[in-house]
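Asks:
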Ligand SMILES: Nc1ncnc2c1ncn2[C@@H]1O[C@H](COP(=O)(O)OP(=O)(O)OP(=O)(O)O)[C@@H](O)[C@H]1O
Ligand code: SF4
Ligand SMILES: [Mg+2]
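Numbering (the working numbering), first residue to last: 92 to 420.
#1: Between residue 142 and chain D, is there a C-beta pair that is closer than 8 Å?
#2: For the candidate residues 177, 212, 202, whose alpha-carbon lies nearest to that of residue 189?
#3: When you compare each of 378, 341, 367, 342 to residue 356 by their alpha carbons, which one comes out closest?
#4: Provide the residue span of the alpha helix (DSSP H) that contains residue 162, from first to last.
#5: For residue 304, which of 324, 206, 207, 139 has the nearest alpha-carbon?
#6: Can you tell me which of the three DSSP states residue 92 falls into?
#7: In three-state DSSP terms, what is residue 307?
#8: Whole angstroms are fine: how far does the CA of residue 195 sit from the CA of residue 208?
#9: So is the beta-carbon of residue 106 under 7 Å away from any non-hydrogen atom of ligand 3?
#10: Taking residue 133 and residue 96 to be in contact with their CB atoms under 8 Å, please state how far apart those CB atoms are, rounded to whole angstroms.
#11: Tell me the DSSP bridge mates of residue 315?
#12: Give a yes or no on contact between the region 313-320 and the region 135-150, applying the rule of three or more CB pairs nearer than 8 Å.
#13: So residue 191 is in the alpha helix (DSSP H); what residue range does that whole segment cover?
#14: Do you know how far the Cα of residue 110 is from the Cα of residue 420?
#15: Per DSSP, what are the beta-bridge partners of residue 154 in this structure?
#16: Rounding to the nearest angstrom, what Cα-Cα distance links residue 338 and residue 321 in this structure?
#17: Should residue 172 be labelled buried (16 or more other beta-carbon atoms within 10 Å of its own) or exposed?
#18: I need the DSSP call for residue 210, collapsed to helix, strand or coil.
#19: At what residues does the beta strand (DSSP E) containing residue 110 begin and finish?
#20: Does the distance from the C-beta atom of residue 254 to that of residue 170 stay below 8 Å?
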């Protein structure tokens with residue numbers, strides 16, 4: 092997809108997402124990471140076809156989703172599932188786990204009777220680690236812990252054989268130990284069902300864990316500023332904003348924290364989308380800011396020789412001699 096989404100707000104029109112371009116492969120683990128308000132949820136909702144881009148296209152099997160209808164649209168809807176941050180809000184409180192999980196199975200004609208549905212729901216519960224399944228079938232959301240509710244949400248997403256699951260802050264509301272087991276579950280499902288998982292998080296430590304064999308897209312004020320393998324983006328960040336996020340990850344080992352390069356931002360304040368800075372929107376905060384360049388020209392997201400894409404004049408100049416720029420858009 093390559094999309095932009097604007098919203099009318101009382102203060103004026105803002106671009107919550109501005110030209111975000113993303114191509115998903117099969118069975119990928121990809122993370123979108125960035126501070127609150129940078130457009131992660133808006134991007135995720137557009138990816139899931141729940142929010143129409145103001146401009147740009149969302150392509151599924153080479154077709155623009157927003158122009159497809161009928162069976163084709165239904166197939167897309169089934170193929171991309173969203174798991175929300177707060178399963179309490181997304182699960183119906185007066186439905187049992189069985190009712191919640193069997194409804195999509197009946198709707199998509201994957202089962203035709205109660206017996207088949209119980210069998211299929213039991214299998215799903217087992218797969219997401221809610222065992223013994225019989226104990227969970229008749230439970231209501233309020234009888235489950237936060238982690239268990241999130242497993243039910245994941246099972247519901249999985250029930251329709253999706254090709255992509257967009258998990259928006261899906262592990263943010265649970266304790267750290269449960270967070271890791273949920274991330275491991277998502278990674279195991281990715282391997283088993285060859286489903287692509289897009290994890291949205293504000294926490295780069297979560298992104299680093301989840302996407303250790305995948306990609307990370309760092310977002311800032313509605314744009315992707317760096318996109319590449321986790322190894323590159325976390326191990327050797329090219330964009331000064333990514334570097335600042337990496338430097339801020341708390342390490343369990345204090346000696347590791349001490350040895351990390353500190354990145355001092357020029358300002359802690361995130362500009363308003365209503366009054367975006369000129370040129371590179373990160374320039375008022377950037378330690379590498381160059382007057383006459385960064386405040387004048389908008390940096391494009393460019394491919395550099397190590398395989399990642401980065402939107403920073405200085406990073407591109409240092410890491411890619413002009414002749415080697417790849418994929419100039
Ligand atoms: N329906 C809407 N109407 C007006 N503004 C919106 C709407 N949805 C999102 N926004 C604005 O768009 C910007 C991006 O919001 P979004 O929810 O995508 O950010 P986010 O990165 O998911 O943030 P968070 O980490 O807090 O969840 C914010 O400034 C938000 O206020
Ligand atoms: S373009 Fe300039 S201001 Fe923007 S991130 Fe790069 S060095 Fe910093
Ligand atoms: Mg969000």
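Every residue, glycine too, gets a C-beta built ideally from N, C-alpha and C. This one's a predicted model, so the numbers in the text were calculated from it and none came from an experiment.
Replies: With the structure as the only source:
#1: In the structure shown, chain D cannot be found, because there is only a single protein chain.
#2: Residue 189 has its Cα closest to that of 212, out of 177, 212, 202.
#3: 378
#4: 161-170
#5: 324
#6: Of the three classes helix, strand and coil, the one that applies to residue 92 here is coil, per DSSP.
#7: strand
#8: Their Cα atoms are separated by approximately 10 Å.
#9: It does not: the Cβ of residue 106 is nowhere closer than 7 Å to a heavy atom of ligand 3.
#10: 5 Å
#11: 310
#12: no
#13: 188-198
#14: Because residue 420 carries a pLDDT of 43, less than 50, the predicted location of this residue cannot be relied on, and no value is offered for it.
#15: 151
#16: 15 Å
#17: buried
#18: helix
#19: 103-112
#20: yes
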